[in-house]
Amino acid sequence: MSNEIDALLQEHRSFPPSDEFRRNANANDESVYDVADREAYWASWAEQLDWQTKWHTVLEWNAPYAKWFVGGKLNASANCLDRHLATRGDKPALIWEGEPGDVRTFTYRELHAQVSKFANVLKSLGVRLGDRVAIYMPLVPEAVIAMLACARIGAAHSVVFGGFSSEALRDRIQDAEAKVLITATAGYRRGNLVPLKKLADAAADDCPSIEHVVVVMRRAAADELDDTVSMKPDRDCWYHELMREASADCEPEWVDSEQMLYTLYTSGTTGKPKGIVHTTGGYLTEAYATCKWVFDLKEDDVYWCTADIGWVTGHSYVVYGPLAAGATVFVYEGAPDWPKQDRFWSLIEKHKISIFYTAPTAIRAFMKWGHELPEAHDLSSLRLLGSVGEPINPEAWMWYHKWIGRERCPIVDTWWQTETGSIMITPLPGLVATKPGSATRAFPGIDAKILDEGGNEVKVGGGYLAITTPWPSMLRGIWRDPERFESQYWAKWPGIYFTGDGAKRDEDGYFWLLGRVDDVINVAGHRIGTMEVESALVDHQAVAEAAVVGINHEIKGTAIAAFVIVKSSRAEEAKRDPAKFEKELKDHVSAKIGAIARPEKILVTVDLPKTRSGKIMRRLLRDIAEGRALGDVTTLADPTVVASLKDKYEEES
Ligand code: PRX
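Numbering (the numbering used here), first residue to last: 107 to 759.
Below, the structure written as structure tokens:
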């Protein structure tokens, strides 16, 4: 890691915005950074939304509990749809392309009608203000419609990424006590059908809170799935049948600014994912504000954020932010390399995408596939590029700049988290000279700082990234777990938000993100807790103990390596056919959590290095898994353990 940090800090290239970009940018005056009165500043953003009742107090802060725009009433779906009808009714709100190439477009008026109908459907199924609705879907328009329909009636959605296993879905439904589950027959991924309904059934059968399962027929898939989709009488209903009967007239529920908009589960340092809670007024205000300034959204942009709605990026920057800003949002269902590795570039060319927001892991895959692929396409519609989810290495940044941005488009490297709700550290593309690998400056109104262990600010140098004052889209808590909320984020320094990330600040005040400092691994931009993977491994009947670490990976940034101690009863078998045994364990983790948690490497061991207090020394395991010289071993209970482990894996590699 320290080599990487040194390399980053030797990065002196700087890319100021062109005069033309600066002139036309939504934020083009340095004075936007002078936020003297933070509350007045955020209130001026909130005023750009539609409120049924205006707030009486901008902020009530009883650390760590914040309330924004107190007393105000609004509706998120009305802000994303209704308020655009008069001026943008016929403008495309959503342009969607499925992996097989089917395209569907919804104008604001059409999306409004679909959302209103589905809101009535949800009501007819008994969903009320404050209820939770689980969404487990492929990236199809109905997923967006379902989210907005929940918002319309004041129900909170809990979207579970369609790549998660049925067990992961079951745990999330049970924790949130969702009343209704919305799913689809299947989704497309790399030409294959992912049988979501089947997975959803396995979960829902164990969830007594679920009263109904609504199933979207993925039309192109219907024929192929006839015998794999079974509908449970009284519980399951077809989306298209319910929609046929539903009225397109549904007055939005005017909810309190602090009404829960959604919960979204994310990994932390324990074995159990936590339901991050976001509310309505503050969240929407900041998602909207960052879209306007970071993505510089203009009336004629076609904006594509490649995230799935299963992640927070899909919530804030596929649905709520851009639709609140009245943008045309493009959504693609499938894989970037299907049917060929140039699918993204052909989509940009075909749909004339002007703003493209993706993850470093994707960029590194594109690099590997070669610049000849984007070069063969007309990408002249692009004017702004974004990156999110993990640190972007300068090499990937430069490639993105050269081959996708054609040295014309500013790149916004945006740092934020499920918990922050919106982008927190980012260049404003018309104002900030970018440096490859740096997320640059805090968004105006955000107090991001580097602190040392004692909570003192580090002006230039490294430490922990912290947010020192409340912001509108901050998480309001962890669903039904206030203790964890307080201890996880607010215990290190009272009243100050601990991000879990390490970062550095250079002489220009720019932030350089260095990755997680806790037991969370960022695999291909997705958060996985080491404990979650360890629990999945020890759940396998052959595993006695497991320790999981993140290792460097060319494409994923970080991949998972798992050290496992095999029970003596299975040790012979593991030795006889190690490849088969490793695959069995990897498959087990995929089945328990989902393919994103699948370990890259399984290393069988007879012991694990532990400190005298019994803590696993992950740093040493990382050294071994990556074949490096061993770090400090002086605190180990039994230094011979690690030495023999290292010998073993050096021999094998
Ligand atoms: O470690 C940081 C990394 O992703 C974490 C948040 O993950 P998640 O809640 O899943 O949200 C991802 C999308 C916002 C952070 O704690 N991260 C996110 N963006 C960046 C980043 N690391 C470096 N640079 C970024 N731009």
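Think of the CB as a built atom: it goes at the ideal place given N, C-alpha and C, for glycine as much as any other residue.
Counting of Cβ neighbours within 10 angstroms places Q154 among the exposed residues, the total staying below 16.
Look at which beta carbons fall closer than 7 Å to any heavy atom of ligand 1; those residues are T372, W417, V418, T419, S493, V494, G495, E496, P497, I498, D519, T520, W521, W522, Q523, T524, E525, A545, T605, G606, D607, L619, G621, R622, N628, G631, H632 and R633.
In the same chain as K662, and ignoring 5 residues on each side of it, the C-beta atoms closer than 7 Å to its own belong to T467, V629 and A630, in chain order. Shown here, I702 sits in a helix according to DSSP, grouped into three states. Taking the CA atoms as reference points, L534 sits about 31 Å from A665. Rounded to whole angstroms, the gap between the alpha carbons of I657 and P542 is 23 Å. In chain order, W151, A152 and P578 place their CB closer than 6 Å to the CB of T391, counting only its own chain and leaving out the 5 sequence neighbours on each side. In the DSSP annotation of this structure, the continuous segment of the alpha helix (DSSP H) that includes S641 starts and ends at T636 to V644. According to DSSP, M366 shares a beta bridge with T385.
Counting C-beta pairs closer than 8 Å gives three or more between the region 166-182 and the region 576-592, which meets the contact rule.
Taking 8 Å as the cut-off, the Cβ atoms of P122 and A441 do not count as close. Beyond the five residues adjoining it in sequence on each side, A131 comes within less than 8 Å, by CB distance, of P123, D402, L534, P535, G536 and L537 in the same chain, given in chain order. In the same chain as E283, and ignoring 5 residues on each side of it, the C-beta atoms closer than 8 Å to its own belong to R238 and S315, in chain order. Taking the Cβ atoms as the reference, G420 lies roughly 11 Å from Y463, outside the contact range of under 8 Å. Counting only the Cα atoms, S674 lies some 59 Å from N181. For I602, there is no enclosing beta strand (DSSP E), as DSSP gives it neither H nor E. Pairing E640 with A652 gives a Cβ-Cβ distance under 8 Å.
Check the Cα spacing between S719 and each of E706, Q280, V712 and L742: the tightest is with L742. The region 446-533 is shown to contain whole beta strand (DSSP E) runs of 3 or more residues at 461-464, 490-494 and 517-520, in chain order. Cβ contact annotation for I708 (same chain, cutoff 7 Å, sequence separation greater than five): A668, V670, E688, L691 and K692, in chain order. The DSSP-derived three-state label of S124 is coil. One thing to note: D414 has its Cβ no nearer than 8 Å to the Cβ of L254.
Of the other Cβ atoms in all chains shown, 16 or more fall within 10 Å of the Cβ of N185; this residue is therefore buried.
With distances taken between CA atoms, S336 lies nearest to A292 out of E317, P379, A352 and A292. By alpha-carbon distance to T213, the top candidate from A199, E205 and K458 is A199. Restricting attention to W522, T605, E513 and E525, the CA atom closest to the CA of I556 is found in T605. Note on geometry: alpha-carbon atoms of A430 and E405 lie some 12 Å from one another. If you look at G427, you'll find it in the alpha helix (DSSP H) that goes G427 to A430. Counting along the chain, the unbroken alpha helix (DSSP H) around L275 starts and ends at S272 to A282. Between the C-alpha atoms of G567 and D614 there is a straight-line separation of about 11 Å.
Here P247 carries a helix assignment [DSSP, helix/strand/coil].
One alpha carbon belongs to T546, the other to Y616, and they sit about 4 Å apart. A distance below 6 Å between beta-carbons, with the five flanking residues on each side excluded, links G495 to the following residues of its chain, in chain order: A465 and G631. Sequence-distant Cβ neighbours of T574 in its own chain, meaning closer than 6 Å and more than five residues away, are D553, K555 and I602. Restricting attention to I531, H457 and K752, the CA atom closest to the CA of A609 is found in I531. Here the alpha carbon of A701 sits roughly 42 Å from the alpha carbon of R128.
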